Amino acid sequence: MTLEIWHIWMLAGILFIILEIFTPSFYAACIGVGCIATGLAVIPMNSGGIVQWIIFAAATALTFMYVRPFMMKYAYRKSHKVKTNTDSLIGKTGRVTQAIDATAGTGRVAAGGDDWRAKTADGSTLEVGAQVKVLKIESVTITVEKI
106 MTLEIWHIWM LAGILFIILE IFTPSFYAAC IGVGCIATGL AVIPMNSGGI VQWIIFAAAT
166 ALTFMYVRPF MMKYAYRKSH KVKTNTDSLI GKTGRVTQAI DATAGTGRVA AGGDDWRAKT
226 ADGSTLEVGA QVKVLKIESV TITVEKI
């Protein structure tokens, strides 16, 4: 079995589409669509190299202009609303594991499965075991209020 040029274009297109699984930008898929379109166009034409590159460039550019904006709009429409990592802790409750005292600079809270350095929003002192609500996160310190 001989490997023809359209086989190479198709394989490249499939590889770019597989690569897109690991990237969230939809760039690799656009290039993959350009490769597959070129492979399909080359089968009946059996054309030379420059024609193939023109077809590839046109198909990729059209995909970037028309398909990518559509995919970015509809594929990621809820992603900005989903809280991840530390943002997901805001509004959750926790328990004081080390007394929070602003003057002594101490305080730790167990929240979200981790033990965080903590301070209170109003500078008050909280004893061990108090239930708190996470208000904000700055670096490795969470700001809490007593429930």
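Note that the numbering used here has the sequence shown beginning at 106, numbered continuously upward. Here a beta-carbon is modelled for each residue, glycine too, at the ideal position from N, C-alpha and C. All figures in this text were calculated on a predicted structure; none of them were measured in a lab.
Checklist entry - For A55, which of helix, strand or coil comes out of DSSP? => result Since the displayed the chain opens at 106 and closes at 252, residue 55 lies outside it and no answer follows.
Item to check | For P149, the nearest candidate out of F131, A207, H112 and M177 (CA to CA) | outcome: The residue given as residue 149 occupies position 44 in the sequence shown. Among F131, A207, H112 and M177, the Cα nearest to that of P149 is on H112.
Checklist entry - How is the alpha helix (DSSP H) around V156 delimited, first residue to last? => result Here residue 156 refers to the residue found at position 51 of the sequence shown. For V156, the uninterrupted alpha helix (DSSP H) segment begins and ends at G154 to L167.
Next on the checklist: Give me the residue from G228, L194 and L124 with the minimum Cα distance to V245.
Outcome noted: In the sequence shown, the residue the question calls residue 245 occupies position 140. When each option's Cα is compared against that of V245, the closest is L194.
Item to check | Alpha carbon of A235 to alpha carbon of R213, nearest angstrom | outcome: The residue labelled residue 235 in the question sits at position 130 within the sequence shown. The residue labelled residue 213 in the question sits at position 108 within the sequence shown. Approximately 11 Å between the Cα atoms of the pair.
Checklist entry - Would A142 be called buried (16 or more neighbouring beta carbons within 10 Å of its own) or exposed? => result The count along the sequence shown starts at 1 and reaches residue 142 at position 37. Around the beta carbon of A142, a 10 Å sphere encloses 16 or more other beta carbons of the protein chains shown; the residue is thus reported as buried.
Checklist entry - From I119, V147 and T165, pick the residue whose C-alpha is nearest to that of Q157; which is it? => result Locating residue 157 in the sequence shown gives position 52, where the first residue counts as 1. Closest by alpha carbon: V147.
Checklist entry - Taking C-beta to C-beta, are I247 and K238 nearer than 7 Å? => result Residue mapping note: residue 247 aligns to position 142 of the sequence shown, counting from 1. Residue mapping note: residue 238 aligns to position 133 of the sequence shown, counting from 1. Going by beta carbons, I247 and K238 fall outside the 7 Å limit.
Item to check | Span separating the alpha-carbon of I80 from that of I110 | outcome: Examination of residue 80 is not possible in this model, given that the chain is present from 106 through 252 alone.
Item to check | Three-state secondary structure assigned by DSSP to K197 | outcome: Taking the sequence shown and counting its residues from 1, one reaches residue 197 at position 92. Note: K197 maps to coil in three-state DSSP.
Checklist entry - Using 8 Å as the threshold, is the region 161 to 178 in touch with the region 124 to 142, meaning 3 or more CB pairs across them? => result When C-beta atoms of the region 161 to 178 are compared with those of the region 124 to 142, three or more pairs fall below 8 Å, so the two segments count as touching.
Next on the checklist: Can you find the residues in the same chain that come closer than 8 Å, C-beta to C-beta, to K178, ignoring five residues on each side of it along the sequence?
Outcome noted: Locating residue 178 in the sequence shown gives position 73, counting from the first residue. No residues qualify anywhere along the chain.
Item to check | Own chain residues within Cβ distance below 7 Å of D220, not counting five before or after | outcome: The sequence position of residue 220 within the sequence shown is 115, counting from 1. If the five residues before and after D220 are omitted, its C-beta is found closer than 7 Å to the C-beta atoms of T202 and R213, all from its own chain and listed in chain order.
Checklist entry - Is it the case that the Cβ atoms of A223 and I205 are separated by a distance below 7 Å? => result Walking along the sequence shown from the start, residue 223 turns up at place 118. Walking along the sequence shown from the start, residue 205 turns up at place 100. Yes; because the gap between Cβ atoms is below 7 Å, this pair is in contact.
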